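Structure, as structure tokens:
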Amino acid sequence: MELFLIVFLPLIGSIISGFFGKILGLRLSHFISCSLILASSILSAYLFYMTLNGYQTSNQFLFEWINSGAIDASWSLKFDTLTSVMLVVVTSVSALVHIYSIGYMSHDPYQYRFFSYLSFFTFAMLMLVTSDNLLQLFFGWEGVGLASYLLIGFWYEKPSANAAAMKAFVVNRVGDFGFLLGIAVIYIATGSISFDVIFQKINNVNQFTINIACLLLFMGAMGKSAQLFLHTWLPDAMEGPTPVSALIHAATMVTAGIFLVARCSPIFENSDLALSFIIIIGASTAFFAATVGLVQNDIKRIIAYSTCSQLGYMFVALGVGAYQVAIFHLFTHAFFKALLFLGSGSVIHAMSDEQDIQKMGGLYKIIPFTWIMMLIGTLALTGAPLLSGYYSKDAIIESAFVSHAFGHEYAFYLLVFSALLTSFYSWRLIFLTFHGKTRASQDVLSKAHESPLSMTIPLLLLSFGALFSGYLFSDFFLSYELKDLWGSSIYTHPDNHILEEIHHSPFWVKKIPLVMMVIGFIIAILFYLLLKNVPSFLSNKLSFIYNFLYNKWYFDELYNFIFVNPLKRIGNFLWLFFDKKIIDGLGPDGISSLVISISRNVSKIQTGYVYHYAFAMLIGLGFLLIRFAVY
Amino acid sequence: MINLPLLSILTFLPLIGLPFIIVGKIINAENYQNISKYIALFVSLITFLISLIILYNFDINTSDFQYNERFPIMSGLMTYRMGIDGISILFILLSTFLTPICIIASWNIISDRVDYYMCSFLILETLMIGTFCALDIVLFYLFFESVLIPMFVIIGVWGGERRVYSAFKFFLYTLLGSVLMLVAIIYIVLASGTTELPIIYDVFSIDHGIIQNLLWLAFFASFAVKMPMWPFHTWLPDAHVEAPTAGSVILAAILLKMGGYGFLRFSLPLLPDSSFYFSDFIFILSVIAIIYTSIVAYVQEDIKKLIAYSSVAHMGFVTMGIFTFNINGIQGGIFQMFSHGLISGALFLSVGVIYNRMHTRKIADYGGVVSVMPKFALFLMVFTLANIGLPGTTGFVGEFLTIMAIFSFNKVFAFFAASGVILSAVYGLWLYRKVIFEKITNDAVKSLKDLTLGEKVTLIPLLILIILFGIYPAPVLDLISVSSIGLVESINLSGGK
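From first to last, the protein sequence lines are chains A and B. For what it's worth, my numbering labels the leading residue of the first sequence as 8, then goes sequentially. For what it's worth, my numbering labels the leading residue of the second sequence as -8, then goes sequentially.
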């Protein structure tokens, strides 16, 4: 089968709408780019179907890339079970987002550029997930980062959008710095950067090196997946158009970090240290982002923090060695989070680009379809029984409980508590947006309308994913018996039986996420539907905590203080003082002024009086005579 | 075909243009200034064509010198010896490729004394090619140092307001290095009894000690200024700022590479023990260059200065790579030089595009250019990303290979060098954002016109090569591979490591 088409059809779409869009016209170029992505997603679905029936793996070599000494990186595509899951997620969400964008961006004069970027992103993401070596993965990694940069800054006249785009790129580069060094460590240790060789030789590498390599690779993952300390770019990334947030900053790109760790499971399984580190960072992020999400008012930022938090859940699953569970949550999360983002896009569209939920309320009557879609997304996210999040998130919490890794208890309690927070902020969003009395201006409300079909159909399709993807595929991801379907794409240590142990976790552990969800739901009802004075009362009484959360734990301020502001000062110091004063002062400028002053002094000797010269000659003659006399 | 002295033809072909230009001036033909442009372009294109013929017949499977020409001159005092290997041919191609582009880029820009300008460029081309072809140590020295003269003239005559200061600074720095190098060359010639480099490679050997170190430092003085390495870099920003666009292109793309070429041709093979002895020293300077100049680049207010500082940072990777004595590092360093030649050339051409319209290089005078010049914005985006080292462009390949090599050599240095990955993104995207994005604040920007045909002709070839060799660098890596391996092996034989 011509599987490479999955990867390259979007690239063709990107080129067509970017360079020939104007010639083809809007309709035709939209049709072409959407149908190319659709074709790619159909092929991916077919591959996934084959995988479910036991099709294992195939590699397609394209051509060589960097070949120097022992480094032998090629462009080649690897299709195994892990890849096929990722392909389905990426191409299907991407196709829906493409279609959705036709409606959402219909008033934008730069649609060709937008679709070109979107298709390019899809291509880069597919290169990332199909890579058979670390370097091509890095290519995709940077490619999606570039697409993200371009799309966040899509509205280039907004200074905030530009700042956010740059921040996203630079913070990601901090992670990439680690990633690149990680590649170097692995290359030095195993003599290769191709996965097959690395995984074979990794057992002969000493423990210390493996630990370092894993931590460095994970640093890259932290940047891309917005984990604590490198998360600050993700909320700001919401400056981009909403379809971008759905595709890149919720469903696909930010999960690249999860994919990286899962792909490198043969390495990570050998490093308990790195795995524990991942557990702790993941759980901390899940908790941190959920707390910040509690008090935000921008509809997209709330969902962004929720994404950050859910990524933390996935990392915990990776850390305890339950890779399939992490990928399962990645899979379900892609659907319900894209649904929530596109739903919120529909809200924003209806409300004349308003994003502040404090200025909404009572919208369920005006945009009922969007309301239902958002409800489904919220139920799935919070883990309502039988919906997709229920299966995957509970499995993560259970796996954190049954794990033996260092830090698993910390993770378990934080994740359980975060489930409560998740439920609370999600319902807060719903209640403030759709229920109660409206706080929007009459002007905005009179123009509010339900979105066009090109936007509602993708929502509907995503809602099927949010409803059923957990129920349908839980066996494939969680069942210990079907583990063989994953083939060699995920390696687990012989002592790692976590998939089996999950099924034996105690009854209370299985039920506690549900309890937390209900408690969060009830508090949200109390706060935002029944006792509406409580939130403002609490934020006044506990203003310290409120401000701390509202300002996102002051991470941005801290980073500005430590890194951003000093950089300019150091730069000016080095330039104006060191370059100009010291180097130039002692170097060329100094030499030239020295020459000038010497010649000026020498020229003073030239007085023009004959007897001065005669006297000098006499002295010289005297020295000469003495010299000959001595020798 | 093979029997023709192709290298000599290639080297001196550009000079053929000179008499025609002069004759035109003497007979005062109508429009002779204009005609001189066509003559220069035609000659440089033929030169490029011949360099392609040389490439076509070049054997990449040997590290021996090819296209050898030799006959004694000056009554046997030195030899006219030419020859190329995989390393030098790459730089020759870069020179012959960029010269026509520079001539086209100057087409409508230079209006004052066009004929002299074109003559300077043709002379410059001859000297650049000669530097990379010469296999006689004295001949090399002559070419290497003479390059300064036309460059000095180009900056001094067609440069900006402070051109005299810049030209002086440029000259002073380079002079210091060249005097010391001359002393070292004389020592080596006396010690080995010949001026022919291939013979010197065989016969010249010197125990590691103070003499070898002094010789090494003498070469270092010259090459480090050319690269330029920190702290000998301060001439570069000034020279770039004042040079006309095409002058900046040649300066950044070719002249800086002569330093790296010198290290590869002389320091490493002739003085391997000292090269090894000083490698930590080189690494420290390189790391400082990468971090220090990246930070300094970030605070520049002048577009050209920013790019000039970024050049210093990128050259830091080159010197690091070369002194790892490892195939990845040397290949990476050479590739990085080649790639930087394309990228910095493209960046300076791009700056020229907007400078010619606005006559200002201040970043603050721009902003919002994308809304009036979308095509230009696309080109500059690709060049900026290549400069940042995004995979898929040539900028990544060299950086990646050198980081891998440095890592196997010294992990601490690798750590610091890799931080350049972050810093280059900071200043690169900062520049792009301030010039291209955001709202138009300067009214003059509103009336800008997008790229002209001539500008596209200069930028498109660079764009294609940057992406093509970024995705498929094999042709370049294969070209330099055998010679690089030969170099690495020759170092090991003389007991360096």
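Even for Gly, the Cβ is constructed at its ideal location relative to N, Cα and C. Quick caveat: nothing in here was measured; it's all calculated off a predicted structure.
Problem - Contact with chain B by A:Ala333, beta-carbon distance below 8 Å - result: No, no contact with chain B.
Exercise for the section: Check whether the Cβ of A:Ile265 lies closer than 8 Å to any Cβ atom in chain B. Expected result: With respect to chain B, the C-beta atom of A:Ile265 has no partner C-beta closer than 8 Å.
Exercise for the section: Taking C-beta pairs closer than 7 Å, name the residues in chain B that A:Glu652 reaches, listed in chain order. Expected result: Given a span of 8 to 638 for chain A in the structure shown, any question on residue 652 of chain A remains unanswerable.
Exercise for the section: Please go through the same chain and pick out, in chain order, the residues whose beta-carbon is closer than 8 Å to the beta-carbon of B:Leu478, but skip the five residues on each side of it. Expected result: Cβ contact annotation for B:Leu478 (same chain, cutoff 8 Å, sequence separation greater than five): Ser54, Ile78, Leu255, Leu259, Pro260 and Ile321, in chain order.
Handout entry: Contact with chain A by B:Phe428, beta-carbon distance below 8 Å
Key = With a threshold of 8 Å between beta carbons, B:Phe428 makes contact with chain A.
Practice task
Check each candidate in A:Val181, A:Ile217, A:Met173 and A:Trp240 and name the one with the smallest Cα separation from A:Tyr194.
Solution key: If we check each option's Cα against that of A:Tyr194, A:Ile217 comes out closest.
Exercise for the section: Using a Cβ-Cβ cut-off of 8 Å, state whether A:Ala659 counts as contacting chain B. Expected result: A question about residue 659 of chain A goes unanswered here, because the residues of chain A that appear run from 8 up to 638.
Exercise for the section: Starting from the beta carbon of A:Arg180, find every residue of chain B whose beta carbon is closer than 7 Å, and list them in chain order. Expected result: For A:Arg180, the neighbours in chain B by C-beta distance under 7 Å run, in chain order, Val412, Ile413 and Ala416.
Problem - Beta bridge counterpart(s) of B:Asp434 as assigned by DSSP - result: Paired residues: none, contrary to the question.
Problem - Cβ separation of B:Gly250 and B:Ala215, assumed to be a contact under 8 Å, to the nearest whole Å - result: Confirmed, about 7 Å.
Exercise for the section: Consult DSSP for B:Tyr71 and reduce its assignment to one of helix, strand or coil. Expected result: Three-state result, B:Tyr71: strand.
Practice task
List in chain order: all unbroken alpha helix (DSSP H) runs of 4+ residues lying wholly within the stretch 224 to 271 of chain A.
Solution key: Complete alpha helix (DSSP H) runs here, min 4: 240 to 243, 249 to 253 and 263 to 270.
Exercise for the section: Hey, could you find the ends of the alpha helix (DSSP H) A:Lys454 is sitting in? Expected result: In the DSSP assignment, A:Lys454 falls within the alpha helix (DSSP H) that extends over Gln449 to Lys454.
Exercise for the section: Could you confirm whether any beta carbon from chain A is found closer than 8 Å to the beta carbon of B:Thr225? Expected result: For B:Thr225, the answer is yes, since a Cβ of chain A falls inside 8 Å of its Cβ.
Handout entry: DSSP-derived helix/strand/coil call for A:Trp72
Key = A:Trp72: strand per DSSP, three-state reduction.
Handout entry: 8 Å Cβ cutoff, B:Arg153 in contact with chain A
Key = With respect to chain A, the C-beta atom of B:Arg153 has no partner C-beta closer than 8 Å.
Exercise for the section: Could you name the residues of the stretch 246 to 265 of chain A whose beta carbon sits closer than 8 Å to any beta carbon of chain B, in the order they occur along the chain? Expected result: Taken residue by residue, none of the stretch 246 to 265 of chain A has a beta-carbon sitting less than 8 Å from a beta-carbon on chain B.
Practice task
Mark A:His504 as exposed unless 16 or more other C-beta atoms lie within 10 angstroms of its C-beta, in which case mark it buried.
Solution key: With fewer than 16 Cβ atoms within 10 Å of its Cβ, A:His504 is classed as exposed.
Practice task
Could you check what DSSP says for B:Thr53 in three-state terms: helix, strand or coil?
Solution key: DSSP places B:Thr53 in the coil class of the three-state scheme, outside both helix and strand.
Handout entry: Close Cβ partners of A:Leu135 (< 7 Å) along its chain, the five nearest in sequence each way excluded
Key = Closer than 7 Å at Cβ, skipping near neighbours: Leu144, Gly147, Trp148, Val151 and Ala263.
Exercise for the section: Take B:Val473 and list the residues in its own chain whose beta-carbon comes closer than 7 Å to its own, dropping the five residues that flank it on each side. Expected result: Only Ile51, Asn52, Thr53, Ser54 and Gly77 meet the Cβ criterion.
Problem - Where A:Arg634 falls, given that 16 or more other Cβ within 10 Å makes a residue buried - result: Flag for A:Arg634 reads exposed.
Exercise for the section: Step through the CB atoms of chain A and report whether any lies within less than 8 Å of the CB of B:Ile394. Expected result: Yes - at least one Cβ of chain A is within 8 Å of the one on B:Ile394.
Problem - Limits of the beta strand (DSSP E) - the one that A:Lys85 falls within - result: Looking at the DSSP string, the run of the beta strand (DSSP E) that includes A:Lys85 is Ile78 to Phe86.
Handout entry: Any chain A beta carbon closer than 8 Å to B:Met(-8)
Key = Confidence in B:Met(-8) is poor, its pLDDT being 46 and thus under 50, which makes the residue's placement too unreliable to answer from.
Practice task
At 7 Å on the CB atoms, spell out the chain B contacts of A:Glu9, in chain order.
Solution key: Think of a sphere of 7 Å around the beta carbon of A:Glu9: no beta carbon from chain B falls inside it, the nearest being about 21 Å out.
Problem - Reference A:Ile73; option with closest CA among A:His114, A:Leu142 and A:Leu35 - result: If we check each option's Cα against that of A:Ile73, A:Leu142 comes out closest.
Practice task
Give the residues from the stretch 271 to 290 of chain B that approach chain A closer than 7 Å (Cβ to any Cβ), ordered along the chain.
Solution key: The residues in question are Tyr283, Ile286, Val287, Tyr289 and Val290.
Handout entry: Range covered by the alpha helix (DSSP H) that runs through B:Met65
Key = B:Met65: not part of any alpha helix (DSSP H); DSSP gives it neither H nor E.
Handout entry: Residue closest to B:Asn378, alpha-carbon to alpha-carbon, out of B:Lys402, B:Tyr423, B:Ala355 and B:Ala405
Key = Per the Cα distances, B:Tyr423.
Problem - Contact list for B:Phe406 against chain A, beta-carbon separation under 8 Å - result: Those are Leu188, listed as they occur along chain A.
Practice task
Please look up how many angstroms separate the CB atoms of A:Gly419 and A:Ala407, rounded, as I've assumed it's under 8 Å.
Solution key: Residue identity check: residue 419 of chain A is Phe in the sequence provided, not Gly. The Cβ separation is near 4 Å, so the contact holds.
Handout entry: Interface flag, B:Gln57 vs chain D, CB-CB below 8 Å
Key = The structure shown contains no chain D; the protein chains it does contain are A and B.
Exercise for the section: Scan the stretch 445 to 465 of chain B for residues whose Cβ lies nearer than 9 Å to a Cβ of chain A and list them as they occur along the chain. Expected result: Considering only beta carbons, the part of the stretch 445 to 465 of chain B lying closer than 9 Å to chain A consists of Ile462, Tyr463, Pro464 and Ala465, in chain order.
Problem - Straight-line gap, A:Glu416 to A:Ser410 (C-alpha atoms, nearest Å) - result: Those two C-alpha atoms are separated by around 9 Å.
Exercise for the section: Kindly indicate if chain B contains any beta-carbon less than 8 Å away from that of A:Tyr194. Expected result: At least one chain B Cβ lies under 8 Å of A:Tyr194.
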